[in-house]
Amino acid sequence: MNIEHLPVMSREVIEILAPFEGGTYVDATVGLGGHSAMILEKIGQSGRVIGIDRDDSALAKTAERLCDAGLILKKGSFSDMELILHAQGLDNADGVLLDLGVSMMQFKDPGRGFSFLSNERLDMRMDSSQELSAWDVVNGYSEKELIRILREYGEEYRAMRIVRSIIHERDKKSIDTCSELAEIISRSIGRHGKVHPATKTFQALRIEVNRELEELKKGLNASLRILRKGGRLCVISYHSLEDRVVKHFIRENAKAGVLKQLMKKPLSPGIEEIRANPSSRSGKLRGAEKL
């Protein structure tokens, strides 16, 4: 199977989920199926993986790559997890995996408008059928709303300067492409160091467009409801906002006696994995067990 990306911390994910013969697992961000393929190997013909994704393209490619009767692919968000499981006649799961963030496939897929390095139309929708896009946010949100988004979701301390530049430019004409926006940001705050000055703004826009933090909270709560006693939750996050939500969720439910925290600190990719897959470098993995 020729997968175009490497699943992040795959060995650690399998160790935490501990999939067993005949088990039922939810891969709520199935992507190209890297983690699902490894789970399927462990659960045998009597097991099942419910693979969920908002991205039609990812689901289609995974269906082509993973011809396994134990894999059930469904389009949906984290908030749909419970309904999707019940629609399959299943009451609970032995494990839930949430691998957050955007895949390299989405960054490189022509026309998706995720990358500040592209000349594509601003888009950033994980589900291409939804109405709100990054173009709508950049060209339609008020100055106050844009500043809030950049500060809250991008942790961008230069938000006011960037947003005033955006407002100034869009008053002349709409800001249509990723490269246009990236250039406006670069002119506004300059370029210092290795990190592109548009990185935090693009992160903030993507989170807003896809309601990522809201969906994450809904997904975590849904996973708690569908996990059986002894079932495992495994979450990989890629920036501090996501990790903070996951950390607090696990700690609060551990204090309430609902979850057992499996590690005090999150696991990170090793040097060898980062060399083989540089995009994994910011990954943080946390796990918990349902009590």
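Just so we're aligned: the sequence shown equals residues 92 to 382 in our numbering.
Here a beta-carbon is modelled for each residue, glycine too, at the ideal position from N, C-alpha and C.
Being a predicted model, the structure only gives us computed values, none of them experimental.
Between L157 and A128, the C-beta gap is smaller than 8 Å, which places the two residues in contact. Bridge partners of L174 according to DSSP: none are assigned. In the three-state reduction of the DSSP assignment, T115 falls in the strand class, which pools E and B. Cβ-Cβ separation between A289 and A273: approximately 4 Å, consistent with a contact (criterion under 8 Å). Comparing C-alpha distances from F207 to each of A160, F111, F293 and N368 shows the shortest one belongs to F293.
Per DSSP, the unbroken alpha helix (DSSP H) holding R335 starts and ends at S331 to K346. Counted as a single uninterrupted DSSP element, the beta strand (DSSP E) harbouring E380 occupies residues K375 to K381. The alpha carbon of E306 has as its nearest neighbour, out of L108, I107 and A119, the alpha carbon of A119. Shown here, I130 sits in a helix according to DSSP, grouped into three states. Under the 10 Å beta carbon count, P98 is surrounded by 16 or more other beta carbons and is classified as buried.
With contacts defined by Cβ atoms closer than 8 Å, D214 and A225 form a contacting pair. Taken atom to atom, the span from the alpha-carbon of G231 to that of I362 is near 43 Å. Under the Cβ criterion (8 Å, minimum of three pairs), the stretch 181–194 does not count as touching the stretch 248–266. Nearest in C-alpha terms to G310, of all of G167, L108 and G124, is G167.
Non-local beta-carbon contacts of R316 in its own chain, meaning distances under 7 Å to residues more than five positions away in sequence, involve E173 in chain order.
Within the stretch 263–327, the complete alpha helix (DSSP H) segments of 4 residues or longer fall at 269–280, 290–301 and 303–317, listed in chain order. L164 is bridged by DSSP to G142.
The C-beta of K355 has fewer than 16 other C-beta atoms within 10 Å across all chains shown, which makes the residue exposed. About 5 Å separates the beta carbon of C325 from that of G378, a gap short enough to meet the 8 Å contact definition.
Our two residues, N312 and V349, have alpha carbons roughly 12 Å apart in a direct line.
Non-local C-beta neighbours of S137 in its own chain, meaning closer than 6 Å and more than five positions away in sequence, comprise G113, ordered along the chain. Burial check for S279: the Cβ neighbour count within 10 Å reaches 16 or more, so the residue is buried.
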